[in-house]
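Undergrad: As they're listed, the protein sequences go chains D and X. For the first sequence, counting from 1, position 225 maps to 225 in the numbering used here; every step adds exactly one. Heads up: take any position in the second sequence, counting from 1, add 1000, and you land on the numbering used here. Ideal placement from N, C-alpha and C gives every residue a C-beta, glycine not left out.
Protein chains: 2
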Amino acid sequence: MDISRKKNSQVTILDVARESGVSYSTVSRVLNGFDFVKGSTREKVLEAAERLGYVANIQARSLAGGRTQIIGLLVPGLDNGYITEIVGGIDQELAHSDYDLMLYTTHRFQGKESLYVKTIANGLVDGLILLVPHNAQNYLQALPNQNFPYVLVDQIDNTYNSTTVDATNWQGAYDAASYLIKLGHQRIGFIMGHPELNSARERFDGYRAALQHHRIAYEESLVIEGDYLTKSGYSGAKHLLSLPQPPTAIFASNDLSAFGVLDAIHEAGLRIPEDISVVGFDDIPLASLVYPKLTTVRQPLVQIGQVAVRLLLEKLENPEKEARRVTLATELVVRDSSAPRG
Amino acid sequence: MDISRKKNSQVTILDVARESGVSYSTVSRVLNGFDFVKGSTREKVLEAAERLGYVANIQARSLAGGRTQIIGLLVPGLDNGYITEIVGGIDQELAHSDYDLMLYTTHRFQGKESLYVKTIANGLVDGLILLVPHNAQNYLQALPNQNFPYVLVDQIDNTYNSTTVDATNWQGAYDAASYLIKLGHQRIGFIMGHPELNSARERFDGYRAALQHHRIAYEESLVIEGDYLTKSGYSGAKHLLSLPQPPTAIFASNDLSAFGVLDAIHEAGLRIPEDISVVGFDDIPLASLVYPKLTTVRQPLVQIGQVAVRLLLEKLENPEKEARRVTLATELVVRDSSAPRG
DNA sequence: TTTAGCGCTGCAAACGCTTGCAAGAACACT
DNA sequence: AGTGTTCTTGCAAGCGTTTGCAGCGCTAAA
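#1: Give me, in chain order, the residues of the same chain whose beta-carbon lies closer than 8 angstroms to that of Leu183 (chain D); leave out the 5 immediate sequence neighbours on both sides.
#2: On a CA-only basis, which of X:Ile1071, X:Ser1288, X:Phe1109, X:Val1055 is nearest Leu115 (chain D)? Give me that one, please.
#3: Sorted by chain position, which residues of the same chain lie with C-beta nearer than 6 angstroms to Tyr234 (chain D)'s C-beta, five sequence neighbours on each side aside?
#4: Who are the neighbours of Ala264 (chain D) on chain X, taking C-beta pairs under 7 angstroms?
#5: Please look up how many angstroms separate the CB atoms of Tyr207 (chain D) and Ala173 (chain D), rounded, as I've assumed it's under 8 angstroms.
#6: So is Arg61 (chain D) buried or exposed if we call it buried at 16+ other beta carbons inside 10 Å?
#7: Is the CB of Asp91 (chain D) under 8 angstroms away from at least one CB in chain X?
#8: Over the uninterrupted beta strand (DSSP E) stretch that includes Val1333 (chain X), give me the two end residues.
#9: Compare the C-beta of Gln1110 (chain X) with all C-beta atoms of chain D and state if any pair is closer than 8 angstroms.
#10: Taking 7 angstroms as the cut-off, is the beta-carbon of Glu113 (chain D) closer than that to any non-hydrogen atom of the ligand SAH?
#11: Please list, in chain order, the residues of the stretch 1220-1251 of chain X that have any C-beta partner in chain D closer than 8 angstroms.
#12: Can you tell me the Cα-Cα spacing of Tyr139 (chain D) and Leu311 (chain D), whole angstroms?
#13: Could you check where the alpha helix (DSSP H) with Asp1015 (chain X) kicks off and where it finishes?
#14: By the DSSP assignment, the beta strand (DSSP E) with Gly1189 (chain X) in it spans what residues?
#15: With DSSP collapsed to three states, give me the class of Thr1168 (chain X).
#16: What residues of chain X sit near Ala60 (chain D), judged by a beta carbon separation below 7 angstroms?
#17: Could you check which residue in X:Asp1255, X:Tyr1160, X:Lys1238 has the C-alpha nearest to that of Ala1268 (chain X)?
#18: If contacts are defined as beta-carbon pairs under 8 angstroms, then Gly189 (chain D) and Phe251 (chain D) qualify, I think. What distance do you get, rounded to the angstrom?
#19: Which first and last residues belong to the alpha helix (DSSP H) in which Leu1313 (chain X) is found?
#20: Against chain X, with Cβ distances strictly below 8 angstroms, would Phe259 (chain D) count as a contact?
#21: Would Val1343 (chain X) count as contacting chain D if we go by Cβ distances under 8 angstroms?
#22: Do we get a CB-CB distance below 8 angstroms when we pair Tyr1082 (chain X) with the residues of chain D?
#23: Which residues of chain X have a Cβ atom closer than 7 angstroms to the Cβ of Val87 (chain D), listed in chain order?
#24: Could you check what DSSP says for Leu222 (chain D) in three-state terms: helix, strand or coil?
#25: I need the DSSP call for Arg1298 (chain X), collapsed to helix, strand or coil.
#26: I need the boundaries of the beta strand (DSSP E) containing Arg150 (chain D), first residue and last residue.
#27: Would you say Asp1100 (chain X) lies against chain D (beta-carbon separation less than 8 angstroms)?
#28: Rounded to whole angstroms, what is the Cα-Cα separation between Leu1074 (chain X) and Val1016 (chain X)?
#29: Taking the alpha-carbon of Gly1236 (chain X) as reference, which of X:Ser1257, X:Tyr1218, X:Glu1220, X:Ile1216 has the nearest alpha-carbon?
#30: Taking Ser1232 (chain X) as the reference, give the member of X:Thr1163, X:Tyr1104, X:Gly1193 with the closest Cα.
#31: Given that Thr26 (chain D) touches chain X, what residues does it touch there, using C-beta distances under 9 angstroms?
#32: Taking the alpha carbon of Asp157 (chain D) as the reference point, which residue from D:Leu313, D:Val30, D:Pro133 has its own alpha carbon closest?
#33: Give the interface partners of Leu312 (chain D) over in chain X, defined as CB-CB distance under 8 angstroms, in chain order.
#34: Run through chain X and tell me which residues come within less than 7 angstroms of Gln139 (chain D), C-beta to C-beta.
#35: Quick one: residues in its chain with C-beta nearer than 6 angstroms to the C-beta of Gly39 (chain D), no 5 flanking neighbours on either side, listed in chain order?
#36: Whether or not the stretch 162-177 of chain D and the stretch 316-331 of chain D are in contact is what I'm after, with contact meaning three or more pairs of Cβ atoms, one per stretch, closer than 8 angstroms; do they touch?
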């Protein structure tokens, strides 16, 4: 097994020390922004470091007990605008800090989350953002100790007291359904998200609450269990359209499934929104690219990512910081896929 | 500065050694799959490691001269189906190996690519996949030495002799244009990609070659300079439609800009494909979600990512391996946005 | 029985850095 | 000038591994 080392011209702290005529510990202190270093010394060191093109070796730093300046991001996959938007926010915010990003996709460790997380946390990340689909507990329980800094995105955890970011799912769904009702729709189909996810449940509850509030009978046949994927939106809508008395509007629990709905409706030769209205949830970038442009409940996805990072950095700065939950507001965005009942 | 260490229950190689009654170097050798270890010893060690829940410390390993088992991925951003598809392929392939992924976005280091890359390469990645938008040279020249394993995706580099993966851009464009011509279109608008990218140039050349081959005069006014973004497709199409004699088909250099084209056409009240045909390039997942479903030239994006990983791992195994270029085939996918000239 | 040879194992050094501790330098005060 | 403080700085240990080298025990040959 040939381990070809790249131990070529690595400039180390020792080189900088030699170059600037101080001890290597002083260099370390300067580089770590320590106080108690004389101004002139600091200058000398920084200048030497610059001249030599010194760049710190993260492994060594971390081994010796320092930070790695890396945060880990656990996501199910990147195949989805919802996630990539959030990741974009995370990336943006991280760019202002000096942390780098380690990306872990969970699909490769089905059923072994615990080992996975253990490895990660024991490894080289200073903190973790969990953007996991289901059962966060599986991941959390594996955290070496509850002091390891992490934040949970869009998942409530009722076992541990986790720092969390999410959006007003209930309210968003309530608003969307109310909007459709005000447009005169009485029969509103609903494509559910994956029922294991609490965002899905909250949206469902919001939908029902809106019906109830407007005294519209809840009709079970209009509710389709889905999984947030396009396909389930498609088949769900197909089913709804085949009903003896089909709905005049369909509210899909997320944009992805709403796209499936659009597709099914087009296929049935119906017009949107003249014949039937469609509303989604998320407002991923695609939502305004499809035809017709999708009316949807906007989640501030980028912002969610940013806030997650901010919370994590906060925790990193000050490990004693209390866990907290930040819930960002959603907003109905009316586009071309919805209209008064014809 | 409070450095709260997590040096809690870290199980080290020493613990495993103690538990299994051998020396730590033997443990190391077992864990690294070395030969020259007696079968029974190996068993004992592995069992002890398992029992203790040992997981290697990457920093230490790397410091001591081993591998980090991390590969770095340099991308401009994740806000784009084209990239995320490729990244998906990379992730997929990586899942079969035991490498983890470090994600670096380049936008944060405008103009300082060289320092950035230096840091990365000097840091903890064993190899690098560069999925950078323009001027790969900027990045490459910074690689500490040309022996650092890396592969270039969808970018040709004519300075260094780099291992590269790309697709048949020229051929794809040629096929698409020929297809439109065979449908009877004579005036085919073309939305160019970013002219700095050779994929954009190659596609343009393919388009022109097809025209020439079918003896259709090249008309400069039908070619719009773009940048691969939706907006440029939109404004480009708007312009084309306003021509005294507008084209009967538009070929956009990528799907994203094709979406802009669709949008502009819808807005103009024209029907697709009855009034005008549209063809894209890439076949990102969205392409079959828009309405009408987009006819496009399929690039095997996922596969490109996979191949990139495979080439990199190959290089990692065997650093002496010659650089090579792999070009994957594109394929025209006919959907609903194109039809014979009406 | 001795000895060479081989398979296997352990020791110790190194990787580049952080940080507690102690000592030197500088300064102010008596 | 002497002493006590307060700043600065250097030394050395240690972080968890890998790996060259030396050496052990054992077998096989003499």
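TA: Based on what the coordinates show:
#1: Ala249, Ser277, Ser338, Ala339, Pro340, Arg341
#2: X:Val1055
#3: Gly260, Asp263, Ala264
#4: Under the 7 angstroms cutoff, chain X gives no residues; its nearest Cβ is about 12 angstroms from Ala264 (chain D).
#5: 5 angstroms
#6: buried
#7: yes
#8: 1331-1333
#9: no
#10: You won't find the ligand SAH in this model; it holds no ligand whatsoever.
#11: Thr1230
#12: 19 angstroms
#13: 1013-1020
#14: 1188-1191
#15: coil
#16: Leu1063
#17: X:Lys1238
#18: 7 angstroms
#19: 1301-1317
#20: yes
#21: Because residue 1343 (chain X) is not part of the residues shown, which for chain X are 1001 to 1342, the question remains open.
#22: no
#23: Leu1078
#24: helix
#25: strand
#26: Here the sequence assigns Tyr to residue 150 (chain D), which means Arg is not the residue at that position. Note, Tyr150 (chain D): beta strand (DSSP E), 150-153.
#27: yes
#28: 37 angstroms
#29: X:Ser1257
#30: X:Gly1193
#31: Per Cβ cutoff of 9 angstroms: no residues; Thr26 (chain D) is ~16 angstroms from chain X at best.
#32: D:Pro133
#33: Neighbours of Leu312 (chain D) on chain X: none; closest Cβ ~14 angstroms, over 8 angstroms.
#34: A small correction: the amino acid at residue 139 (chain D) is Tyr; Gln does not occupy that position in the sequence shown. By Cβ distance, chain X contributes nothing, its closest Cβ being about 16 angstroms from Tyr139 (chain D), past 7 angstroms.
#35: none
#36: yes
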